[in-house]
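Taking it in order: structure first as structure tokens, then the write-up.
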Amino acid sequence: MRCVVANWKMNLTSHEARAFCEDLLLRMAPDPGAEIGIAPPYTLLHQVSELVRPKGIQVFGQNGHAEPKGAFTGEIAMPQLRDAGCSGVILGHSERRQFFGETDAALTQKIKAAWQWDLLPLLCIGESLAQRDAGQTLAVLGQQLSILAETGPGPLWVAYEPVWAIGTGRRAEAAQVVEAHAFIRAELNRHLTGTEYRVPILYGGSVTPESFPELLGLPEVAGGLVGGASLDSRKFAELVKQAG
Ligand code: PEP
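Here you go:
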């Protein structure tokens, strides 16, 4: 089954979130045939969970701390995400890496903590424009996935998100997506060989209802992680329909 996850980032108030969810549920088929997730800001987790989880939509945190509790002002713990109705957590989003100093070492601990609290990690990886221009794309992806040698195997979704395609309206070209996803699959096979885990690889970066059908037709593209277009319930419902 394909997956579509909305990353709302630091957007929407409770009034707007309610309107979004009600409209999405009206537009969605009772059995959409896709795995759907919404990652709201923390203040909206309870509310969104109550609205959408009964309809089979998963709720994701946008980040989570490796420690279960403690003196970490401004952070959120995995058990708190669970308590708020989450079944998964986005980890390693490029905005966290870029603006909040998220490191691979921290992500190793966060993935382990997510598993401990029965949350599905959605690990984001991707190269910057400078890294792509320097021919380092696959090396960067390999490095970002190498933390799986430390975490060991477990349930996981991965999103390939070229940093230069996020929020820019500049989607990666088909050949670039195919190359990256094939490489990621090979790396995942290497790290998870002999285990039961089959990891879906989502694409993220300026996905819209106009571009999604082509992306979904590419090998090893199991769905999308969507920022901007996921703030519009009409567009997100269309993406869900396309994935189904
Ligand atoms: C994202 O933030 O994960 C993302 C893909 O954003 P956008 O769709 O706006 O590029």
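Using numbering that gives the first Met the number 0, you'd call the opening residue of the sequence shown number 0 and step up by one each time. In this text, a Cβ means the ideal position worked out from N, Cα and C, and glycines have one as well.
For Thr150, same chain residues with a beta-carbon under 6 Å away, outside a window of 5 residues either side, are Thr107, Ile110 and Lys111 in chain order. The region 190 to 199 and the region 137 to 155 touch, with no fewer than 3 CB-CB distances between them shorter than 8 Å. Residue state for Leu118 is assigned as coil, using DSSP reduced to three classes. Contact check for Tyr159 and Ala179: beta-carbon distance about 5 Å, within the 8 Å limit, so the pair qualifies. Proximity of the beta carbon of Val206 to ligand 1 is indicated: a heavy atom of the ligand is located closer than 6 Å. In the structure shown, Arg170 adopts coil according to DSSP, grouped into three states. Excluding residues up to 5 positions away in sequence, Met0 and Cys2 lie with their Cβ nearer than 6 Å to the Cβ of Glu34 in the same chain. Spanning the alpha carbons of Leu214 and Ala70 requires a straight line of approximately 43 Å. Cβ neighbours of Pro40 within its own chain (closer than 8 Å, five residues either side excluded): Trp7, Lys8, Met9, Asn10, Leu11 and Gln61.
Annotated three-state conformation of Val162 is helix, per DSSP. With a cutoff of 6 Å, Ile35 does not count as near ligand 1, since its C-beta is closer than that to no heavy atom of the ligand. The alpha-carbon separation between Ala76 and Ala164 amounts to approximately 29 Å. In the structure shown, Asn10 falls within a coil segment according to DSSP collapsed to helix, strand and coil. Take the alpha-carbon of Gly216 and the one of Asp22: they are about 27 Å apart. Where Gly223 is concerned, the enclosing beta strand (DSSP E) starts and stops at Gly222 to Val225. By the C-beta density criterion, Leu118 is buried, having at least 16 other C-beta atoms within 10 angstroms. Taking a 10 Å sphere around the C-beta of Gln143, we find 16 or more other C-beta atoms and assign the residue as buried. Per DSSP, Gly243 has no beta-bridge partner at all. Relative to ligand 1, Val225 has its C-beta within less than 6 Å of a heavy atom.
DSSP places Gln57 inside the beta strand (DSSP E), whose first and last residues are Gln57 to Gly60. The C-alpha of Gln79 is placed about 27 Å away from the C-alpha of Gly222.
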